[in-house]
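There are 2 protein chains.
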Amino acid sequence: MRPNTAQPVSTPRPVQKAIDELSRLPGIGPKSASRLAFFLLRAKQEQVEDLANALLEMRANIRFCQNCFHITTEDRDPCTICIDPARDAQILCVVEDPLDVIALEKTRLHKGKYHVLHGSISPVDGIGPEDLRIRELMGRIQREPIREVIVATNPNLSGQATAMYLHQQLQNTGVRVTRLAQGLPVGGDLEYADETTLARALEGRREMS
Amino acid sequence: MRPNTAQPVSTPRPVQKAIDELSRLPGIGPKSASRLAFFLLRAKQEQVEDLANALLEMRANIRFCQNCFHITTEDRDPCTICIDPARDAQILCVVEDPLDVIALEKTRLHKGKYHVLHGSISPVDGIGPEDLRIRELMGRIQREPIREVIVATNPNLSGQATAMYLHQQLQNTGVRVTRLAQGLPVGGDLEYADETTLARALEGRREMS
Chain W
41 MRPNTAQPVS TPRPVQKAID ELSRLPGIGP KSASRLAFFL LRAKQEQVED LANALLEMRA
101 NIRFCQNCFH ITTEDRDPCT ICIDPARDAQ ILCVVEDPLD VIALEKTRLH KGKYHVLHGS
161 ISPVDGIGPE DLRIRELMGR IQREPIREVI VATNPNLSGQ ATAMYLHQQL QNTGVRVTRL
221 AQGLPVGGDL EYADETTLAR ALEGRREMS
Chain H
41 MRPNTAQPVS TPRPVQKAID ELSRLPGIGP KSASRLAFFL LRAKQEQVED LANALLEMRA
101 NIRFCQNCFH ITTEDRDPCT ICIDPARDAQ ILCVVEDPLD VIALEKTRLH KGKYHVLHGS
161 ISPVDGIGPE DLRIRELMGR IQREPIREVI VATNPNLSGQ ATAMYLHQQL QNTGVRVTRL
221 AQGLPVGGDL EYADETTLAR ALEGRREMS
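Chains as they are written, first to last, in this note's numbering: chain W, 41 to 249; chain H, 41 to 249.
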């Protein structure tokens, strides 16, 4: 075959821009991003608009609760969990992520409230205690009638480090500190656990020593 | 633990809507969609807007070329490849997907033009020849000075089926029909092949018998 004198044609700019933006999402590499972009090129105009609008609307309407930092809507801050009088204000479940609240709510076993840290201590990633909502947690301990803190961080390295740190911080507050039972598969992520496993872990929680 | 009398809290509607829309994308299940939604909740407002706008802009500005059905912009239809006089109008490379055109262009070895079928024959998925741009391909064979058709469908079951079908259809047109050499890893997808493998396959293409 003779060498090609024609100019090779690259991806049109709007497509490349969409691929670039999709590549910034976690777990989506350039190849997956290309696939998604070309899928959306062939999808109905309506589907692309629905997706784009859903993302914009979510971003515009969702806030983090000023008290517990779980997700909530603009018109409900503090969130429905924080202001629910049927919730036991003495038991506070501390999680890394809003998804963990949703997973725990599905077990229907936690009758207390929540506090979302928004991450876990991970020195390799440069995330220290000051980057999490730990200061706000300590404020709640002083302000609210909390008697037990259930540490429900992930059963992995940074989740365990965060649990140990919280245990230290709470040691002299007179609050009982418990940790979800090791019924959870070690090394995994809390939100991927099935509801039964999560329910077992809640029921079997034990004193930190 | 006593049973929970408090109402369990579910995902806010705007978040659920975003998760639902993300779940409609190929290769993204409900768990991945949740992850992406919560990532975007924490990302900068700007990033979410950039993503949404990139998708909308891509969808609004990108067309499929009326001649070869590769992607192009509204103001360039027929596309730049179709109207490029430096391209050899006698050699037509038939692919399943616009991504395949982009992959082949990177080898810089194909000096002819393209025709994008937009899929492959797959009876299990209910996709027959009439669902692909095969009628338009036959029209081009009659209209354009094409002497060779390089069948560059994927080296998998439906790609092979499509190649066999095209070979049959083109048998009495006097056009030489070639197929990319089996240097491609069988069972895989053309667009995932590295450039060298693709270049070998182009160079080693052989007569269909």
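By construction, the Cβ of each residue, glycine as well, lies at the ideal position given by its N, Cα and C atoms.
| Item | Value |
| --- | --- |
| Residue-level contact to chain H via CB, W:VAL135, 8 Å cutoff | no |
| Under the three-state DSSP convention, the category H:PHE254 falls into | Given a span of 41 to 249 for chain H in the structure shown, any question on residue 254 of chain H remains unanswerable. |
| Check whether H:LEU177 and H:HIS155 have beta carbons under 8 Å apart | yes |
| Proximal residues to W:ILE121 (C-beta, below 7 Å), its chain only, five neighbours per side dropped | CYS108, HIS110, ARG127, LYS153 and TYR154 |
| Neighbour flag for H:ASN194 against chain W, beta carbons, 8 Å | no |
| Under 8 Å from the C-beta of W:GLN209: neighbouring residues of chain H | Within 8 Å Cβ-Cβ: nothing; W:GLN209 doesn't reach chain H, min ~24 Å. |
| Closer than 8 Å to chain H by CB, W:GLN87 | yes |
| Whole-Å CB distance - W:THR147 paired with W:GLU235, under 8 Å assumed | 5 Å |
| Chain-order list of residues whose beta-carbon lies under 6 Å from that of H:VAL191 (same chain, five-residue window excluded) | VAL134, ALA203, LEU206 and ARG219 |
| For H:GLN182 and H:GLN106, the rounded distance between their alpha carbons | 16 Å |
| Closest by C-alpha distance to W:LEU65, when choosing among H:GLY199, H:ASP90 and H:ALA239 | H:ASP90 |
| Own chain, CB closer than 6 Å to H:ARG42, minus 5 neighbours either side, in chain order | Caution is warranted here: a pLDDT of 46 is assigned to H:ARG42, below 50, making its placement in the model unreliable, and no coordinate value can be reported. |
| Per-residue contacts from W:ASN101 into chain H (C-beta, under 7 Å) | PRO54 |
| Below-8 Å beta-carbon distance, W:ALA73 vs any chain H residue | no |
| H:GLN209 - DSSP class collapsed to helix/strand/coil | helix |
| Cβ shell of W:LEU139 (< 6 Å), same chain only, five flanking positions each side left out | GLU231 |
| N- and C-terminal bounds of the alpha helix (DSSP H) containing H:GLU176 | 174-183 |
| Residues bridged to H:TYR154 [DSSP beta-bridge criterion] | H:CYS133 |
| Under the three-state DSSP convention, the category W:SER50 falls into | coil |
| Proximal residues to H:ALA233 (C-beta, below 8 Å), its chain only, five neighbours per side dropped | ALA143, LEU224, PRO225 and ALA241 |
| Boundaries of the alpha helix (DSSP H) in which W:ARG75 is found, first to last residue | 70-82 |
| Contacts of H:ILE142 in chain W (Cβ-Cβ under 7 Å) | THR51 |
| Neighbourhood of W:LEU157 by C-beta distance below 6 Å, restricted to the same chain and skipping five residues each side | GLU136, LEU172 and ARG173 |
| Neighbour flag for H:ASP256 against chain W, beta carbons, 8 Å | What is shown of chain H runs 41 to 249, which leaves residue 256 of chain H out entirely. |
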